[in-house]
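Undergrad: Here's a structure for you.
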Amino acid sequence: MMMETSTPEIIITNSGETILETHPETIPRKRKDSTNSPLTKHIKHGSVPHCEYFLHRCLQIMEDKGKTRDSKKLTDLWQRLSALRRHLSCLRCDELCYFDKAVTHPYLFTGNQEILFCENCFDIICKAKTLEHGSEEAREAFELKKKKTPDSEISKNNTLTQLDSDDVALISHCFDKLEHEFTDIPNLKDICGDYLTTCRAIIQLDKYFFPWNDREIVTTQDFKEISWPFLKESVDMAHEADAEDPDSEYIYRILEESMICVNMAHGLNVEGSVTGGSEKGGSEKGSFATSGNTDKLSNLMLDDRK
Ligand SMILES: [Zn+2]
71 MMMETSTPEI IITNSGETIL ETHPETIPRK RKDSTNSPLT KHIKHGSVPH
121 CEYFLHRCLQ IMEDKGKTRD SKKLTDLWQR LSALRRHLSC LRCDELCYFD
171 KAVTHPYLFT GNQEILFCEN CFDIICKAKT LEHGSEEARE AFELKKKKTP
221 DSEISKNNTL TQLDSDDVAL ISHCFDKLEH EFTDIPNLKD ICGDYLTTCR
271 AIIQLDKYFF PWNDREIVTT QDFKEISWPF LKESVDMAHE ADAEDPDSEY
321 IYRILEESMI CVNMAHGLNV EGSVTGGSEK GGSEKGSFAT SGNTDKLSNL
371 MLDDRK
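Take the position in the sequence shown, starting the count at 1, then add 70; the result is the number in this note's numbering.
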């Protein structure tokens, strides 16, 4: 899978690789090794790109807390999952940067890894520079849907907040003077693929993380009947304890979005997509990396919510 191109010493890379592993029997062993490595315990916020950090945290929580059927144990997951999604989406349109190329300026990326633009929005903003200052079109070009949140995981701001003024100034400067220096974001697509795989594991209550689940979740109906009630209970608990944690409507929306992306990737046969390894896979139950369910999965989440 694509994850092999990521920095190998980062534990999350190993986890991501293992998730997408097509030989289910090797998963627990490799996973265990990863968990026991001292690196897992020492990974710190800020030492790796933020999206990798949050991916790691999500997988760690699922692995540690998913073992028993106790929705309360999973309450830590939702804030990290929404943070992860935010770090993978365009600052202007808030779309997941999975299908489109995303760019950022090195100045913006070192200081703040949430500031990235999909290619389309990047073009719109660049064009807007030539427009009359203060014109409706120029104003609209700079309207941001995803607003920056503070970097600290401790700060609970999962809801949208304003960019701070330093960032606004820096963004303007980069677009005004340094447009030609905007560049791709390394591994973003891979991490995004891992995010989608993680969402799928949550939706399907994948047996690796949730060994107590003995039911197969392959259709939207299954999701609504089997996994969502369990997940929603957990999201509601977290949201009730802290109003700034994402609510169940939001979590439902991003899970739904992830499945639409997975299905599109499957349909488009995107290279390195989350279903990329499935052709070779067996139909081992409970392993979301294997192929048994992919046909049925393409129906998953495509129905309307009601
Ligand atoms: Zn965009």
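Where a beta carbon is used, it is the ideal one built from N, C-alpha and C, also for glycine.
#1: Does Glu-55 pass the burial test, meaning 16 or more other C-beta atoms within 10 Å, or should it be called exposed?
#2: Checking 9 Å against the spacing of the C-beta atoms, do Asp-264 and Trp-148 come in under that value?
#3: Pro-119 to Ala-271, Cα distance in whole Å?
#4: Within the continuous beta strand (DSSP E) that includes Ala-313, where are the two ends?
#5: Once you ignore the five residues that flank Ala-172 on each side, which residues in its own chain have a CB closer than 6 Å to its CB?
#6: Of the residues Leu-166, Met-132, Ser-242, which one's Cα is nearest the Cα of Glu-327?
#7: I need the straight-line Cα distance from Leu-125 to His-250, nearest angstrom please.
#8: With DSSP as the reference, please indicate the residues paired to Ser-159 in a beta bridge.
#9: Just to confirm before moving on: does the CB-CB distance between Leu-248 and Tyr-168 stay below 9 Å?
#10: Could you give the residue range of the alpha helix (DSSP H) that holds Thr-267?
#11: Is the number of C-beta pairs between the stretch 128-146 and the stretch 235-244 that are closer than 8 Å three or more?
#12: Can you name, in chain order, every residue of its own chain whose Cβ lies under 6 Å from the Cβ of Leu-266, other than the five neighbours on each side?
#13: Any heavy atom of ligand 1 closer than 8 Å to the beta-carbon of Glu-165?
#14: I need the straight-line Cα distance from Ser-304 to Lys-197, nearest angstrom please.
#15: Hey, could you find the ends of the alpha helix (DSSP H) Val-288 is sitting in?
#16: Using the DSSP secondary-structure output, state which residues sit across from Thr-253 in a beta bridge.
#17: On the three-pair Cβ rule with 8 Å, is the stretch 280-296 touching the stretch 149-157?
#18: What first and last residue would you give for the alpha helix (DSSP H) that runs through Leu-201?
#19: Based on DSSP bridge pairs, tell me the residues matched to Phe-187.
#20: Identify the continuous alpha helix (DSSP H) that holds Glu-122 and give its terminal residues.
#21: Which same chain residues, not among the five before or five after Phe-280, have their C-beta less than 6 Å away from its C-beta?
#22: Rounded C-beta distance between Lys-199 and Cys-163? I'm assuming under 8 Å.
#23: My guess is that Phe-252 and Phe-192 are in contact by the Cβ rule of under 8 Å, so how many angstroms apart are they, rounded?
#24: I need the DSSP call for Tyr-278, collapsed to helix, strand or coil.
#25: Please report the straight-line C-alpha distance between Ile-273 and Leu-233, rounded to a whole angstrom.
#26: Pop quiz: Cys-128 and Thr-268 are said to be a contact at Cβ under 8 Å. What is the actual Cβ separation, rounded to whole angstroms?
#27: Please list the terminal residues of the continuous alpha helix (DSSP H) segment that includes Ile-296.
#28: If distances are taken between C-alpha atoms only, which option among Lys-294, Thr-289, Tyr-322, Tyr-278 comes closest to Gly-133?
#29: What I want to know is whether the C-beta of Phe-187 ends up closer than 8 Å to one or more non-hydrogen atoms of ligand 1.
TA: By the coordinates alone:
#1: Residue 55 lies beyond the stretch modelled for the chain, which goes from 71 to 376, so this question has no answer here.
#2: Cβ atoms of Asp-264 and Trp-148: not closer than 9 Å.
#3: If you draw a straight line from the Cα of Pro-119 to the Cα of Ala-271, it comes to about 23 Å.
#4: Per DSSP, Ala-313 is not a residue of any beta strand (DSSP E), being assigned neither H nor E.
#5: Hits under 6 Å: Leu-186, Cys-188, Ile-255, Leu-258.
#6: Among Leu-166, Met-132, Ser-242, the Cα nearest to that of Glu-327 belongs to Leu-166.
#7: Spanning the two alpha carbons is a distance of roughly 30 Å.
#8: Under the DSSP definition of a beta bridge, Ser-159 partners with Leu-166.
#9: The answer is no: Cβ separation not under 9 Å.
#10: Taken as a continuous stretch (DSSP letters only), the alpha helix (DSSP H) holding Thr-267 covers 258-273.
#11: The stretch 128-146 makes no contact with the stretch 235-244, as fewer than three CB pairs between them are under 8 Å.
#12: Here the set comprises Ser-328, Cys-331, Val-332, Val-344.
#13: Because some heavy atom of ligand 1 lies under 8 Å away, the Cβ of Glu-165 counts as near it: yes.
#14: Approximately 44 Å between the Cα atoms of the pair.
#15: Careful: Val-288 lies outside any alpha helix (DSSP H) and carries neither H nor E.
#16: Answer by DSSP bridge pairing, in chain order: Thr-174.
#17: Taking a contact to require three or more Cβ pairs closer than 8 Å, the stretch 280-296 and the stretch 149-157 do not qualify as touching.
#18: Leu-201 -> no alpha helix (DSSP H), and no H or E assigned at all.
#19: Paired residues: Val-173.
#20: DSSP places Glu-122 in the uninterrupted alpha helix (DSSP H) bounded by 120-135.
#21: Apart from sequence neighbours up to five positions away, the residues of its chain that approach Phe-280 with a beta-carbon distance below 6 Å are Gly-136, ordered along the chain.
#22: Not confirmed; about 18 Å, so no contact.
#23: Indeed, because the Cβ distance is near 7 Å, the residues count as touching under 8 Å.
#24: Looking at Tyr-278 - three-state DSSP - the assignment turns out to be coil, as it is neither helix nor strand.
#25: When rounded, the distance between both Cα atoms is 32 Å.
#26: Right, the Cβ-Cβ distance comes to about 6 Å (below 8 Å), so this counts as a contact.
#27: Run containing Ile-296: none; DSSP gives neither H nor E here.
#28: Going by the sequence as given, residue 133 is Glu instead of Gly. Nearest option by C-alpha distance: Tyr-278.
#29: Yes, since a heavy atom of ligand 1 falls inside the 8 Å radius drawn around the Cβ of Phe-187.
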